[in-house]
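One structure is given below, encoded as structure tokens.
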Amino acid sequence: MCRVLQHGGPDDEGIFDDTETGLTFGHRRLSIIDLSHNGHQPMADAQQRVWITFNGEIYNYRELKEQLINLGAKFTSSTDTEVIISAYIHWGMAAFAKLRGIFAFALYDKEKGLTYLVRDSSGIKPLYYCAKDGQLSFASEVKALKAAGLANEADPDWQIRFLAYGHIPEPYTTLKGVFSLPKGEFLCWDQKKGSYDIHSYHVIFNKANIDDAASAKEAIKETLAFAVRRQLIADAPIGVFLSGGIDSSLITLLAEREKKTQLKTISIYFNEKAYDESMYQDLVFKQIEGEKFSHLVKQSDFEDFLPRIIEDMDLPTTDGINTWCISKFAHDDGLKAVLSGLGADELFGGYPSFSRIKYIKAARKYPAALFKLANHSAFDAYRKIAFLTYNHPIADYLFLRGLYSPADIAEILDTDITQVEDVLFANRKLPYVRNYDEKDAAWFEINLYMQNQLLRDTDVMGMSHGLEVRVPFLDEDFVLMAESINPTIRFDKSRPKKLLIYSFADVLPEAIWNRTKMGFTFPLQDWMKDNKEITNESLYKKNKSKGIIKSFKNDSVHWSKAFALYQIQMHA
Amino acid sequence: MPKNIYLFSLQTFSTTGGIQKMVRTLAHSLYHISKKENWNFRLFSLYDSRYDLMSQYLPSENYTGFNNSRLGLGLTSIKEASRANIVILSHINFSLIGIVIKLFNPKCKVWLIAHGIEVWRPLSLIKRTFLKRSCDKIICVSNFTKQQMITRHQSDPDKCVVLNNAVDPFIKLPDTFDRPEYLLNRYGLSPSNEIIFTLTRLASSEQYKGHEQVIKAVASLKHEFPNIKYVLSGQYDSVEEIRIRSLIDKYGVNNEVILTGFLNENELTDHFLLADLFVLPSKKEGFGIVFVEALACGLPVICGNADGSTDAIKGGKLGTTINVDDLIELQDTIVRYLNTPLTLGKRKNLQKECLHYFDEKYYRKNLQKMLTDEQAA
Numbered sequence: 333m334c335r336v337l338q339h340g341g342p343d344d345e346g347i348f349d350d351t352e353t354g355l356t357f358g359h360r361r362l363s364i365i366d367l368s369h370n371g372h373q374p375m376a377d378a379q380q381r382v383w384i385t386f387n388g389e390i391y392n393y394r395e396l397k398e399q400l401i402n403l404g405a406k407f408t409s410s411t412d413t414e415v416i417i418s419a420y421i422h423w424g425m426a427a428f429a430k431l432r433g434i435f436a437f438a439l440y441d442k443e444k445g446l447t448y449l450v451r452d453s454s455g456i457k458p459l460y461y462c463a464k465d466g467q468l469s470f471a472s473e474v475k476a477l478k479a480a481g482l483a484n485e486a487d488p489d490w491q492i493r494f495l496a497y498g499h500i501p502e503p504y505t506t507l508k509g510v511f512s513l514p515k516g517e518f519l520c521w522d523q524k525k526g527s528y529d530i531h532s533y534h535v536i537f538n539k540a541n542i543d544d545a546a547s548a549k550e551a552i553k554e555t556l557a558f559a560v561r562r563q564l565i566a567d568a569p570i571g572v573f574l575s576g577g578i579d580s581s582l583i584t585l586l587a588e589r590e591k592k593t594q595l596k597t598i599s600i601y602f603n604e605k606a607y608d609e610s611m612y613q614d615l616v617f618k619q620i621e622g623e624k625f626s627h628l629v630k631q632s633d634f635e636d637f638l639p640r641i642i643e644d645m646d647l648p649t650t651d652g653i654n655t656w657c658i659s660k661f662a663h664d665d666g667l668k669a670v671l672s673g674l675g676a677d678e679l680f681g682g683y684p685s686f687s688r689i690k691y692i693k694a695a696r697k698y699p700a701a702l703f704k705l706a707n708h709s710a711f712d713a714y715r716k717i718a719f720l721t722y723n724h725p726i727a728d729y730l731f732l733r734g735l736y737s738p739a740d741i742a743e744i745l746d747t748d749i750t751q752v753e754d755v756l757f758a759n760r761k762l763p764y765v766r767n768y769d770e771k772d773a774a775w776f777e778i779n780l781y782m783q784n785q786l787l788r789d790t791d792v793m794g795m796s797h798g799l800e801v802r803v804p805f806l807d808e809d810f811v812l813m814a815e816s817i818n819p820t821i822r823f824d825k826s827r828p829k830k831l832l833i834y835s836f837a838d839v840l841p842e843a844i845w846n847r848t849k850m851g852f853t854f855p856l857q858d859w860m861k862d863n864k865e866i867t868n869e870s871l872y873k874k875n876k877s878k879g880i881i882k883s884f885k886n887d888s889v890h891w892s893k894a895f896a897l898y899q900i901q902m903h904a
Numbered sequence: 110m111p112k113n114i115y116l117f118s119l120q121t122f123s124t125t126g127g128i129q130k131m132v133r134t135l136a137h138s139l140y141h142i143s144k145k146e147n148w149n150f151r152l153f154s155l156y157d158s159r160y161d162l163m164s165q166y167l168p169s170e171n172y173t174g175f176n177n178s179r180l181g182l183g184l185t186s187i188k189e190a191s192r193a194n195i196v197i198l199s200h201i202n203f204s205l206i207g208i209v210i211k212l213f214n215p216k217c218k219v220w221l222i223a224h225g226i227e228v229w230r231p232l233s234l235i236k237r238t239f240l241k242r243s244c245d246k247i248i249c250v251s252n253f254t255k256q257q258m259i260t261r262h263q264s265d266p267d268k269c270v271v272l273n274n275a276v277d278p279f280i281k282l283p284d285t286f287d288r289p290e291y292l293l294n295r296y297g298l299s300p301s302n303e304i305i306f307t308l309t310r311l312a313s314s315e316q317y318k319g320h321e322q323v324i325k326a327v328a329s330l331k332h333e334f335p336n337i338k339y340v341l342s343g344q345y346d347s348v349e350e351i352r353i354r355s356l357i358d359k360y361g362v363n364n365e366v367i368l369t370g371f372l373n374e375n376e377l378t379d380h381f382l383l384a385d386l387f388v389l390p391s392k393k394e395g396f397g398i399v400f401v402e403a404l405a406c407g408l409p410v411i412c413g414n415a416d417g418s419t420d421a422i423k424g425g426k427l428g429t430t431i432n433v434d435d436l437i438e439l440q441d442t443i444v445r446y447l448n449t450p451l452t453l454g455k456r457k458n459l460q461k462e463c464l465h466y467f468d469e470k471y472y473r474k475n476l477q478k479m480l481t482d483e484q485a486a
């Protein structure tokens, strides 16, 4: 398993075996804090009562360490790993909620015979587990469980989910019995009983609402600057991804203020003018010192990289190509960690879905059966309207963000449409209130799109190059603050992300925010259309798929749909 | 013997409230009775879709979710009317369906379930007509509701049968009664806290649940019990959230009250184990299924004395009723419980006693007898 995960931890390897209980922890290390051998993992306390294997970063480890020293704790290293162990020894399970950072770890309490799997509250670091036959196994990537022979059987429904979502939604994977641990939760495995419970470790407290714009701006400025400051901690080289959009420019400019040494930025540009953001990147470059690594990505690079990208993605996805490329460059430029602007669109209403969600509310006034007609639409983009037939929150989400409609999926996979519907909608309860307002849209974006696609892809693509991607907008304290802002202020309708922009009007150049949104997008429609493999109709067995690929070549189908079919046929 | 039994429900699985829980258990019982007797049973649920089904209660062959389609449900009821032997309407809002079925098939027995506030009020002409002409039996979830049916709607007392609700057959019944550590951590509580717990829907439109009274009581008790905490759970709308938060501010109990929001079904039992006392001084519970759930987890209960709650605590055998408008009585009763917390043994005993009355097996037995008698009559 460790060998399979070597790319994410190139610096060290360790194994802990407890022969008595048959427990084994493995670890591959990407050293960022305390680069010495003191950070070797799996790590234990001096009495060897508590063992840990840990992936990620604890941003508040210095504050926690101070508190623990006051409680009488002794430390032998300057790692954050040792702080987790000590926190657990002093506070028990209550320690989990005190951690701020991006993390996934397994902790073994030898005395109690309990093993905890714990995942950060924003779900930035992945953690997959498989519990069967009285045995628990876990890993940061699904492929490690497969390689070790711990789970071999494919989940029979993964293709349906993938074609509907464009990725595999949590908690599912491509393997039967292998699940993703939900964010902010922990799994407690009882060695003696051979059974487990999963619970949230979140602390509930009575929050005060921020009801006026001036206080909201003040809180945003202060909390984001704090998040950027604490996320810059590293003993290894750290940089920033700069796309030229509002969010990454803001993170770059805030990091520039905080960084004691010179800030390194990584950017990408294209020959294709419609996708070229370099003029906006230049605007930010003018305001910062430090090295600027700018990379041209050409169509030929895409052709060269594609097979490796698909191999590195761990689970099928239609996104992540951009992150794979920029992570590769960051790694080649000598960086081990970078900050990214991910998360701002979700928190402050930067996506079209925030205004589109009201259409669902309007559609509810009409008989659901009406929307079935969309299945017969000649225009590919309209076929998704068929999702409005189902009065189900997952269907609402898929109407906003989905790839293929249930009828199309059934045809592509040669299965019954009720089978597709059952897989997508049965037993999936979502805890949200259906007002179809911006708050609901944010819930969808944060818990489904960002969680299942953006964050997963970003982490797996970064780690495939031994690069840790940090996301200050998702710093726990920043998210809590943002969610306590009155929605009418937070989602001011006059401009997407207006509150965020106006909070930093003195930092962000106007040319960056006062323009059409682009996103971190590659010219993939053209590149994939020229790719001989993806467009090779003979690869696709079903006529439906052949037809879709043909339409893709005529530009009447989006590249993500063709790319999804391409990945499906690879597994056939 | 009945051959075809149909149960009509507004909503069974897609949301969770007292009525929904009651219908789930009823459907579960009817399914098992029918299986044993070789009868045909179906559940028709208007607002649920077929994906909402929780298959532990009954298999999909016995269930149809109409996904909001009144027309679909109406047509099905007409289609099935001629075959039906017993139709159970789980809500008075199905009156029209009841009338239509009776019209198509006068031999069919039509039963109504009467819960609480939905029948403790003046009824429309259609509902009155249904009660008078088309309804053969009214299953009242409590004696209080039965009295309401008789006095308000002049229902024939012989038609009204009390069948108290049962404990959900799938609730995780505890064997040990320790406080779950993960919940202590989550809410920042310690073993020395005295914990009062309320679970109810917190809707701005339903101002009778009495949590406001408990907040006031906690405000006065916090001097006597400096470690007192009040865990107030249940889904709330934004209007009610603002109202509750301002109440908490007003009474200075920010450190005492913990507002958790919606509770996941799988953490329900653990919340009952966390607390010392369950308090819901509501004025309008038809029965109060949450009381028997709390008791089944060994948690003592305080409830109101002017609604169906009395049945849930067996007139005082299992818990204590109070006049919900009397704040002093509420406070005194809380104090009495907190001063003599239940030992683990007594909790086990309380659980046993509760199940002695409200286990699903007894519910099923009574229900089966009613079905069989109906046919014999």
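Those sequence lines, one after another, are chains A and B.
Under this note's numbering, the first residue of the first sequence is numbered 333, with each subsequent residue one higher.
Under this note's numbering, the first residue of the second sequence is numbered 110, with each subsequent residue one higher.
Even glycine gets a Cβ: it sits at the ideal position worked out from N, Cα and C.
> Taking Cβ-Cβ distances below 9 Å as the criterion, which residues of the segment 280-291 of chain B are in contact with chain A?
Replying inline: 289, 290 and 291
> Whose CA, out of 427(A), 631(A) and 820(A), lies closest to the CA of residue 864(A)?
Replying inline: In the first sequence, the residue the question calls residue 864(A) occupies position 532. Residue 631(A) is the option with its Cα nearest to residue 864(A).
>> My output table needs one value for residue 345(A): the three-state DSSP class, helix, strand or coil.
In response: Along the first sequence, one-based indexing puts residue 345(A) at 13. If DSSP states are grouped into helix, strand and coil, residue 345(A) belongs with the strands.
> Using a C-beta cutoff of 7 Å, does residue 140(B) count as contacting chain A?
Replying inline: Translated into the one-based positions of the second sequence, residue 140(B) becomes position 31. No, residue 140(B) does not count as interfacial toward chain A.
>> I want to see whether chain C comes within less than 7 Å of residue 426(A), judged by CB atoms only; does it?
In response: In summary, chain C is missing from the structure at hand, where the protein chains are A and B.
>> If I follow the unbroken alpha helix (DSSP H) through residue 360(B), where does it start and stop?
In response: In the second sequence, counting from the first residue as 1, residue 360(B) sits at position 251. Neither: residue 360(B) is in no alpha helix (DSSP H) and is coded neither H nor E.
> What residue range is occupied by the uninterrupted alpha helix (DSSP H) comprising residue 663(A)?
Replying inline: Here the question's residue 663(A) lines up with position 331 in the first sequence. Element bounds for residue 663(A): 653-664.
> Do you know how far the Cα of residue 860(A) is from the Cα of residue 879(A)?
Replying inline: Taking the first residue of the first sequence as position 1, residue 879(A) is located at position 547. Taking the first residue of the first sequence as position 1, residue 860(A) is located at position 528. Taking the straight line joining both Cα atoms gives about 16 Å.
>> Taking 7 Å as the threshold (C-beta atoms), are residue 680(A) and residue 729(A) in contact?
In response: Position 397 of the first sequence, counted from the start, is the residue given in the question as residue 729(A). Position 348 of the first sequence, counted from the start, is the residue given in the question as residue 680(A). It is not a contact, given that the beta carbons lie outside the stated cut-off.
> Since residue 461(A) and residue 449(A) are thought to touch, with beta carbons under 8 Å apart, how far apart are those beta carbons, to the nearest angstrom?
Replying inline: Mapped onto the first sequence, residue 461(A) falls at position 129. Mapped onto the first sequence, residue 449(A) falls at position 117. That pair is a contact at about 6 Å.
>> Quick check: the Cα distance between residue 366(A) and residue 456(B), rounded to an integer number of angstroms?
In response: Counting from 1 along the first sequence, the entry for residue 366(A) is found at position 34. Counting from 1 along the second sequence, the entry for residue 456(B) is found at position 347. Going by the C-alpha atoms only, they are around 52 Å apart.
> Quick one: which chain A residues come within Cβ less than 7 Å of residue 310(B)?
Replying inline: As a working mapping, residue 310(B) is identified with position 201 in the second sequence. Within 7 Å Cβ-Cβ: nothing; residue 310(B) doesn't reach chain A, min ~12 Å.
> Per DSSP, what kind of secondary structure is residue 404(B) in: helix, strand or coil?
Replying inline: For this step, residue 404(B) is matched to residue 295 along the second sequence. If DSSP states are grouped into helix, strand and coil, residue 404(B) belongs with the helices.
> With respect to the beta strand (DSSP E) encompassing residue 183(B), which residues constitute its N-terminal and C-terminal limits?
Replying inline: Translated into positions along the second sequence, residue 183(B) becomes position 74. For residue 183(B), there is no enclosing beta strand (DSSP E); the residue is found in the alpha helix (DSSP H) stretching over 179-190.
> Checking contacts by CB at 7 Å: is residue 294(B) closer than that to chain A?
Replying inline: Along the second sequence, read from residue 1 onward, the residue named residue 294(B) stands at position 185. The beta carbon of residue 294(B) sits closer than 7 Å to some beta carbon of chain A.
>> Under 7 Å, Cβ to Cβ, is there at least one residue of chain A near residue 177(B)?
In response: By 1-based counting over the second sequence, the position of residue 177(B) is 68. Yes, contact with chain A.
>> Excluding the 5 residues flanking residue 128(B) on each side, which residues of the same chain have their C-beta closer than 6 Å to its C-beta?
In response: As a first step, residue 128(B) must be located in the second sequence, where it is residue number 19. For residue 128(B), where only same-chain residues beyond five positions count, the Cβ hits under 6 Å are 224.
> How many angstroms separate the CA atom of residue 705(A) from the CA atom of residue 685(A)?
Replying inline: Taking the first sequence and counting its residues from 1, the one referred to as residue 705(A) is at position 373. Taking the first sequence and counting its residues from 1, the one referred to as residue 685(A) is at position 353. Answer to the nearest angstrom: the Cα atoms are 23 Å apart.
> Which runs of the alpha helix (DSSP H), 4 residues or longer, sit entirely within the segment 831-867 of chain A?
Replying inline: Taking only runs of at least 4 residues, the alpha helix (DSSP H) segments lying wholly in the segment 831-867 of chain A are 842-845 and 856-861.
>> Quick check on residue 606(A): buried or exposed, where buried means 16 or more other Cβ atoms within 10 Å of its Cβ?
In response: Counting from 1 along the first sequence, the entry for residue 606(A) is found at position 274. Residue 606(A) comes out exposed.
> Can at least three beta-carbon pairs, one atom from the segment 402-415 of chain A and one from the segment 348-356 of chain A, be found at a separation below 8 Å?
Replying inline: no
>> Between residue 563(A) and residue 393(A), how many whole angstroms is the CB-CB distance? I'm expecting something under 8 Å.
In response: Residue 563(A) sits at position 231 when you count from the first residue of the first sequence. Residue 393(A) sits at position 61 when you count from the first residue of the first sequence. Actually they are not in contact, since the Cβ atoms of residue 563(A) and residue 393(A) sit about 12 Å apart, beyond 8 Å.
> In the segment 734-756 of chain A, which residues sit with their C-beta less than 9 Å from some C-beta in chain B, listed in chain order?
Replying inline: 750, 753, 754 and 756
>> Based on DSSP bridge pairs, tell me the residues matched to residue 384(A).
In response: Walking along the first sequence from the start, residue 384(A) turns up at place 52. Answer is 375(A) and 439(A), bridged to residue 384(A).
> Name the chain A residues that come within less than 8 Å of residue 158(B), Cβ to Cβ?
Replying inline: Position 49 of the second sequence, counting from 1, holds the residue named residue 158(B). The contacting residues are 722, 723, 724 and 757.
>> Looking at residue 294(B): is its Cβ nearer than 7 Å to the Cβ of residue 426(A)?
In response: The count along the second sequence starts at 1 and reaches residue 294(B) at position 185. The count along the first sequence starts at 1 and reaches residue 426(A) at position 94. Yes, the Cβ-Cβ distance between residue 294(B) and residue 426(A) is below 7 Å.
> Whose C-beta lies closer than 6 Å to the C-beta of residue 421(B) among residues of the same chain, with five residues either side of it excluded?
Replying inline: Looking up residue 421(B) in the second sequence gives position 312. Taken in chain order, the residues that qualify are 396, 397, 400 and 401.
> Is any beta-carbon of chain B found at less than 7 Å from that of residue 531(A)?
Replying inline: Against the first sequence, residue 531(A) aligns to sequence position 199. For residue 531(A), at least one C-beta of chain B is nearer than 7 Å to its own C-beta.
>> Within the continuous beta strand (DSSP E) that includes residue 318(A), where are the two ends?
In response: Beyond the ends of chain A as shown, which are 333 and 904, falls residue 318(A); an answer cannot be given.
> Of the residues 360(B), 470(B) and 392(B), which one's Cα is nearest the Cα of residue 415(B)?
Replying inline: Locating residue 415(B) in the second sequence gives position 306, counting from the first residue. It is 392(B) whose Cα lies nearest to the Cα of residue 415(B).
> With 16 other CB atoms within 10 Å as the buried threshold, where does residue 594(A) fall?
Replying inline: Along the first sequence, one-based indexing puts residue 594(A) at 262. Label assigned to residue 594(A): exposed.
>> Using only the alpha-carbon positions, how far apart do residue 858(A) and residue 732(A) sit?
In response: Looking up residue 858(A) in the first sequence gives position 526. Looking up residue 732(A) in the first sequence gives position 400. The straight-line gap separating the alpha-carbon atoms of residue 858(A) and residue 732(A) is approximately 24 Å.
> Secondary structure at residue 551(A), three-state DSSP: helix, strand or coil?
Replying inline: For the purposes of this step, residue 551(A) is identified with residue 219 of the first sequence, where counting begins at 1. Three-state result, residue 551(A): helix.
> Does the Cβ of residue 698(A) have 16 or more other Cβ atoms within 10 Å, making it buried, or fewer, making it exposed?
Replying inline: For the purposes of this step, residue 698(A) is taken as the residue at position 366 of the first sequence. With fewer than 16 other CB atoms across the displayed protein chains lying within 10 angstroms of its CB, residue 698(A) is exposed.
> For residue 270(B), which residues does DSSP report across the bridge?
Replying inline: By one-based count along the second sequence, residue 270(B) stands at place 161. Paired residue(s): 248(B).
>> Strictly below 8 Å CB to CB, what residues from chain B border residue 535(A)?
In response: Here residue 535(A) refers to the residue found at position 203 when the first sequence is read from its first residue. For residue 535(A), the residues of chain B that pass the 8 Å Cβ criterion are 294, 295, 296 and 297, in the order they occur in the chain.
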